[in-house]
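S.K.: Quick note, the sequences are listed as chains U and R, same order.
Counting from 1, one number per residue, gives the positions in the first sequence under our numbering.
Counting from 264, one number per residue, gives the positions in the second sequence under our numbering.
Here it is, the structure, as structure tokens.
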Amino acid sequence: MKKIIFNIFLAVSLLGGSLNVVAETAEEKGLAIAVEIDKRDTGFKDSTVKLKMVLKNKQGRSSVRELRTKTLEVTGDGDKSLSIFDKPRDVKGTAFLTYTHTIRPDDQWLYLPALKRVKRISSKNKSGPFMGSEFSYEDISSQEVDKYTYKYIRDEDCNGVGCFVIERYPTYKNSGYTRQVAWINKQEYRPEKIVFYDRKNALLKTLEYKDYKQYLNQYWRADIMQMINHQTGKSTDLSFQDYQFNTGLSEKNFSRNSLKRAR
Amino acid sequence: MLVRYTEWILRWRYLVVIVSILAVMLIGKGAADLEFTNDYRVFFSKENPQLTAFENLQDTYTKNDNVLFVVSPQDGKVFTPDTLLAIQDITEQAWQIPFSIRVDSVTNFQHTYAEEDDLIVGDLVEEPGSLTLEDLQAVKVVALNEPMLINKLISPDAAHTGVNVIIQLPGVNQMLENPQVVVFVRQMLSDMKQKYPQMDIRLAGMVMMNNAFPEASKRDGVTLIPMAFLAIAIVLFILLRGISSTLTTLVLVLFSIIVGMGTAGWLGIKLTPPSASAPIIILTIAIAGAVHLLVTMLQEIHKGANKHDAIVESMRVNFMPILLTSLTTALGFLSLNSSDAPPFADLGNISTFGVIGAFFLTVTFLPAAMLILPNKAKYRVTGTHMMADLGEFVVRRRKGLLLSLSLAVVILISFIPKNELNDIFVNYFDDSVEFRRDTDFTTSHLTGTYTIAYSLDSGEENAVSDPGFLQQVEAFSHWYRQQPEVIHVSSITDTFKRLNKSMHGDDPAWYRLPDSRELAAQYLLLYEMSLPYGLDLNNQIDVAKQATRINVTLKTISSNQILALEERAGQWLMKNTQGLHTEGASPALMFAHIGLRNIESMLIGTTIALVLISLVLVVALRSFKYGLISLIPNLFPAAAAFGLWGILVGEIGLALSVVTAMTLGIVVDDTVHFISKYIRARRENNLSSHDAVRYAFKNVGVALWVTSAALIAGFMILSQSAFELNAGMGLMTSIIIAIALMLDFFMLPPLLMKIDGDDNR
């Protein structure tokens, strides 16, 4: 909490004080960008979306997964989210509840309808693949400012618009990455592309955000996220449908007990 | 015409020598681009069905290339805080190895257990330093009872353990990628040895094997090639007794090698241990023409001719036989192109370039240089008298020789079926290679290098969780575990059983496959979500969750045994499963098939070479009869040698499958030289068959004896190679050449005399 307040303070002072000739370090500028991204994405309260994942291997064989995700914005800590799996059929009804935290490990529960039990997943590991895809859990969980440290690299054109190129370094010890390079749209402060480097700092994956749409006149969401693993030749396309914001969800919908009722 | 040609060469001798040197230098420039390959897959053609099957399997799951650190604490105990700390350290460091995508060890094994309603998934060993004796014992029990670990990453006596690193080489430039891994891994090894002196650490795995290829080639290059040069120099000097003729021949040989290797470089051929042995082969073959030319020249001088005339006469009588023998030798080598193993095709082509180069140099550079250089030796060829005596002996004992040798050959041939096909790729390297020693150690103490992988396909998306399918997979793994050749089987069913147990409060009664598809699928989902970076299930389950990979680790067994095992497994699948029948794939299977595949492909090549060589002989000797007779001493040596091999060794493989075609072109040379002299004596001098044999012995006997001795010496040196394929090829070729010489001396002449009768024409 303290750190966030400090960060916001820092960011505000940096942004507000951009007229000042105080030399801004690359780290400060990187952080300021991250804070601004976070700021612009604040206030949507809750959202729901349908999600389709298409997994492909090197030979081009593919497989589809479908799920719905509800998210509750939490101020002062990471967001809460509940995912309900629809496809494949044999995991239909499986529900996954996450309380994202900024510094300590996230809390995760899974409801298994076949076992009719809620199981808490106690694992420090958030870097494994999500449903066998090229997205790891850490790639798709709520992106909190404090999960990384930052460094501004340069300005660069991406897809015809001006972008900041920043590097971010996971603060999470068991992360699968040494660093990520992100291209941030200068106007809308949204990521256009992220390149992931593995533990030995070798190129691992590229994530591209496509077909951005704006909701509630403020919040940008990409309809398509494409992840390519350069080392294995596998890829995963995520496509989102039916974004709804501010639907009146509350803490109640994100409790352990709500898991069993989730449909 | 030949006389005019030689006169021309001798007149322009300085120009000829200079142009030769320049041409060789130009071609030799290509050798700068030569590289040693470091990929065992080069032994397989692109169309090889076993290679294709293996590549498909790897594309469906993950690559199988690996580096295995084998750790043996000197106190014989893996489960101590110190050793576990070191294992954890190596595991951690191993993620830094270039192109590593996965690291498995006993410390990072993803252990699952229940705690009330929590499923806990985590490293089996978290903080080794803080483990009590009880904790250590508990960890040991888990590890030794875990089917994924036992006999794979931990030995049953808990004295040896492994850290396995999966390497995914991008394959953009394997020449750079594999060495990059090896350099890093070796640095890591030496750091670790220093840091943990209480442990022995060894390196195994396919990456290390890839690396052993160039290392073996380079070793051979440094030790064997100089040795071969020395041997040839000694043979030449004893025979020719002249420094300048010996030196000129050595230079000619060197030039031939440069031409062969240079052309290979220009064509972008990559060197493998077999093709890297080309210099030794060129070296021993290239001297033949020169020896024949020089011996005749020296004999002419001894008869009283001056050097100029002696060279002209020698060229006159030798040019055609040299052209002919070069042609047949080249045909033999070119037939290696039918081999299914590209390294042998390369060897054949490089040798062909060398042989062609040697021919041109022998008829240009050699006579020119001989006239320029002073030659103060006593012009007398060693052994001429002995050869005359030998000829006499053969004429006298012709009947007995023909009979006894025919009998001996037939007896030897009857032993050919005693040979068994065997290609154990680990044994391609001898004990002097570190990879072999470390791999042998690994096999006898921890786990095997031989594997077979199966992709069992349920035929329906997501059906990998289907209980019916899982039961069949389980039964197959169970069957495999019972086979005596098997060390370890990894199967996803073990993970399902473990999860089922953990989800039921770790009750051992639940250590069984989940009985509903939904339950299994949901376990899998839960488990996958709990796995850390790199330790996912992609190596065991395909993206569509439709098929799963079973990995079987074997003892080091013979090709026949592995093929028989795979056959048994196939039959088991056919009989006991519905539609799960599939063939196994692995490097071990690829190598098990390669000997037979190669023999089949070489049969065609050998036949074509045989027909072409026979045609050349018939045309060149201008006699159908002599052309056919010459086949006997050409075909019998290889057949007899394989019979002898059956008695002495009994195992043949990839390397020996190319020997027949290769030696065919070489052994035919002696026959050509002998018969052409015999025919010359009959046609030009009108001698009786007996006198013609005496003439041939006197005129060509020494050269035959010497060139054969040089060939045998050269190939015997090759048989000292650290690389078994070269060693076997060298030894076999030596035997064939020795038998061929014997037949040329003792069987061919009696045969000629028998067919021609002993009357004067």
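Each residue gets a CB set at the ideal place from its N, CA and C atoms; glycine is no exception.
Between R/A1003 and R/P900, how many whole angstroms is the CB-CB distance? I'm expecting something under 8 Å.
M.R.: The sequence position of residue 1003 of chain R within the second sequence is 740, counting from 1. The sequence position of residue 900 of chain R within the second sequence is 637, counting from 1. At roughly 4 Å, the Cβ-Cβ gap stays under 8 Å, so R/A1003 and R/P900 are in contact.
S.K.: Which class does U/V64 belong to by DSSP, given the choice of helix, strand or coil?
M.R.: Position 64 of the first sequence, counted from the start, is the residue given in the question as residue 64 of chain U. Strand, per DSSP.
S.K.: In this structure, what does DSSP give as the bridge partners for R/E355?
M.R.: The residue given as residue 355 of chain R occupies position 92 in the second sequence. For R/E355, which the question treats as bridged, DSSP gives no partner whatsoever.
S.K.: Put U/R40 into one of helix, strand or coil per three-state DSSP.
M.R.: For the purposes of this step, residue 40 of chain U is taken as the residue at position 40 of the first sequence. U/R40: helix per DSSP, three-state reduction.
S.K.: Of all Cβ atoms in chain R, is any one closer than 8 Å to the Cβ of U/N257?
M.R.: Your numbering for residue 257 of chain U matches position 257 in the first sequence. No, U/N257 does not count as interfacial toward chain R.
S.K.: Would you say U/Q143 lies against chain R (beta-carbon separation less than 8 Å)?
M.R.: Position 143 of the first sequence holds residue 143 of chain U. U/Q143 does not count as touching chain R.
S.K.: For a minimum of 4 consecutive residues, which ranges assigned as the alpha helix (DSSP H) are wholly contained in the stretch 517–554 of chain R?
M.R.: Complete alpha helix (DSSP H) runs here, min 4: 536–539.
S.K.: I'd like to confirm the pairing. Which residues does DSSP put opposite R/M462 in its beta bridges?
M.R.: Along the second sequence, one-based indexing puts residue 462 of chain R at 199. Beta-bridge pairing links R/M462 to R/P336.
S.K.: Is DSSP giving R/W773 helix, strand or coil here?
M.R.: In the second sequence, the residue the question calls residue 773 of chain R occupies position 510. Helix, per DSSP.
S.K.: Return yes when the Cβ of R/N436 is within less than 8 Å of the Cβ of R/Y303, no when it is not.
M.R.: The residue you call residue 303 of chain R lines up with position 40 of the second sequence. The residue you call residue 436 of chain R lines up with position 173 of the second sequence. No.
S.K.: Compute the Euclidean distance between the alpha carbons of U/V74 and U/P191, then round it to the nearest angstrom.
M.R.: For the purposes of this step, residue 74 of chain U is taken as the residue at position 74 of the first sequence. For the purposes of this step, residue 191 of chain U is taken as the residue at position 191 of the first sequence. Cα to Cα, the separation comes out at about 21 Å.
S.K.: So, is R/H741 buried or exposed, given that buried needs 16 or more other C-beta atoms within 10 angstroms?
M.R.: Position 478 of the second sequence, counting from 1, holds the residue named residue 741 of chain R. Under this definition R/H741 is an exposed residue.
S.K.: Assuming the contact rule is C-beta atoms closer than 8 Å, R/I804 and R/I755 should be a hit. Round their C-beta distance to whole Å, please.
M.R.: By 1-based counting over the second sequence, the position of residue 804 of chain R is 541. By 1-based counting over the second sequence, the position of residue 755 of chain R is 492. Contact holds; Cβ gap of about 6 Å.
S.K.: Ends of the alpha helix (DSSP H) at R/V881?
M.R.: Here the question's residue 881 of chain R lines up with position 618 in the second sequence. Run containing R/V881: 850–883, per the alpha helix (DSSP H) assignment.
S.K.: So, with DSSP's three-state summary, where would you put R/Y277?
M.R.: The residue given as residue 277 of chain R occupies position 14 in the second sequence. The answer is helix: DSSP assigns R/Y277 an H, G or I state.
S.K.: By Cβ distance below 8 Å, which residues in the same chain neighbour R/D799 in space, the five residues on each side in sequence not counted?
M.R.: Working through the second sequence from its first residue, we reach residue 799 of chain R at position 536. Closer than 8 Å at Cβ, skipping near neighbours: E791.
S.K.: Can U/L110 and R/L782 be called in contact, C-beta distance under 8 Å?
M.R.: In the first sequence, the residue the question calls residue 110 of chain U occupies position 110. In the second sequence, the residue the question calls residue 782 of chain R occupies position 519. No. Outside cutoff.
S.K.: What would DSSP say about R/H844, mapped onto helix, strand or coil?
M.R.: As a working mapping, residue 844 of chain R is identified with position 581 in the second sequence. Of the three classes helix, strand and coil, the one that applies to R/H844 here is coil, per DSSP.
S.K.: Between the Cα of R/Q246 and the Cα atoms of R/I574, R/V882, R/D720, which residue gives the shortest distance?
M.R.: There is simply no residue 246 of chain R to check, as chain R begins at 264 and stops at 1024 in what is shown.
S.K.: Any Cβ of chain R within less than 8 Å of the Cβ of U/F130?
M.R.: Against the first sequence, residue 130 of chain U aligns to sequence position 130. It does: the Cβ of U/F130 has a partner Cβ on chain R nearer than 8 Å.
S.K.: Can you find the residues in the same chain that come closer than 7 Å, C-beta to C-beta, to R/I750, ignoring five residues on each side of it along the sequence?
M.R.: Taking the first residue of the second sequence as 1, we reach residue 750 of chain R at position 487. Excluding sequence neighbours, R/I750 sits near N414, T710, G711, T816, L817, K818.
S.K.: Reducing DSSP to helix, strand and coil, say where U/V21 ends up.
M.R.: The sequence position of residue 21 of chain U within the first sequence is 21, counting from 1. Note that U/V21 has pLDDT 46, beneath the 50 cutoff, so the model's placement of it is unreliable and no number is given.
S.K.: Can R/N814 and R/S753 be called in contact, C-beta distance under 8 Å?
M.R.: The residue you call residue 814 of chain R lines up with position 551 of the second sequence. The residue you call residue 753 of chain R lines up with position 490 of the second sequence. Going by C-beta atoms, R/N814 is nearer than 8 Å to R/S753.
S.K.: Excluding the five sequence neighbours on either side, which residues of its own chain have a C-beta within less than 7 Å of the C-beta of U/P162, listed in chain order?
M.R.: Looking up residue 162 of chain U in the first sequence gives position 162. According to the sequence shown, residue 162 of chain U is Gly rather than Pro. Taken in chain order, the residues that qualify are D155, K186.
S.K.: With a threshold of 8 Å between beta carbons, is U/Q59 in contact with chain R?
M.R.: Numbered from its first residue, the first sequence carries residue 59 of chain U at position 59. Output row for U/Q59: interface = yes.
S.K.: Using CA atoms only, rank isn't needed, just tell me which of U/S141, U/K119, U/G78, U/R117 is closest to U/G128.
M.R.: Your numbering for residue 128 of chain U matches position 128 in the first sequence. Nearest option by C-alpha distance: U/S141.
S.K.: Residues in the stretch 781–797 of chain R with C-beta within 9 Å of chain U's C-beta atoms, listed in sequence order?
M.R.: Flagged, chain order: E781, L782, A783, A784, Q785, Y786, L787, L788, L789, E791, M792, S793, L794, P795, Y796, G797.
S.K.: Compute the Euclidean distance between the alpha carbons of U/I194 and U/L216, then round it to the nearest angstrom.
M.R.: By one-based count along the first sequence, residue 194 of chain U stands at place 194. By one-based count along the first sequence, residue 216 of chain U stands at place 216. If you take the alpha carbons of U/I194 and U/L216, they lie about 25 Å apart.
S.K.: For chain R, find out if any of its Cβ atoms is closer than 8 Å to the Cβ of U/T69; answer yes or no.
M.R.: Locating residue 69 of chain U in the first sequence gives position 69, where the first residue counts as 1. No, U/T69 does not count as interfacial toward chain R.
S.K.: Residues of the stretch 90–108 of chain U with a CB closer than 7 Å to any CB of chain B: list them in chain order, please.
M.R.: The structure shown has no chain B; the protein chains it does contain are U and R.
S.K.: Could you tell me the alpha carbon to alpha carbon distance between R/S821 and R/D686, rounded to whole angstroms?
M.R.: In the second sequence, residue 821 of chain R corresponds to position 558, counting from 1. In the second sequence, residue 686 of chain R corresponds to position 423, counting from 1. One C-alpha to the other measures close to 7 Å.
S.K.: Between the stretch 995–1011 of chain R and the stretch 517–531 of chain R, can you find at least three pairs of beta-carbon atoms closer than 8 Å?
M.R.: No, because fewer than three Cβ pairs between the stretch 517–531 of chain R and the stretch 995–1011 of chain R fall closer than 8 Å, the two stretches do not touch.
S.K.: Can you list, in chain order, the residues of its chain whose CB lies under 8 Å from that of U/D86, leaving out five sequence neighbours each side?
M.R.: Locating residue 86 of chain U in the first sequence gives position 86, where the first residue counts as 1. Cβ within range, chain order: E66, L67, R68, K92.
S.K.: Considering Cα atoms alone, identify which of R/V279, R/F299, R/V282, R/D322 is closest to R/R812.
M.R.: Here residue 812 of chain R refers to the residue found at position 549 when the second sequence is read from its first residue. Checking every option, the nearest Cα to that of R/R812 belongs to R/D322.
S.K.: Rounded to the nearest angstrom, what separates R/K292 and R/V514 at their Cα positions?
M.R.: Counting from 1 along the second sequence, the entry for residue 292 of chain R is found at position 29. Counting from 1 along the second sequence, the entry for residue 514 of chain R is found at position 251. Their Cα atoms are separated by approximately 17 Å.
S.K.: Which complete alpha helix (DSSP H) runs does the stretch 739–796 of chain R hold, if anything under 4 residues is left out?
M.R.: Entirely contained in the stretch 739–796 of chain R, the alpha helix (DSSP H) runs reaching 4 residues are, in chain order, 755–766, 780–793.
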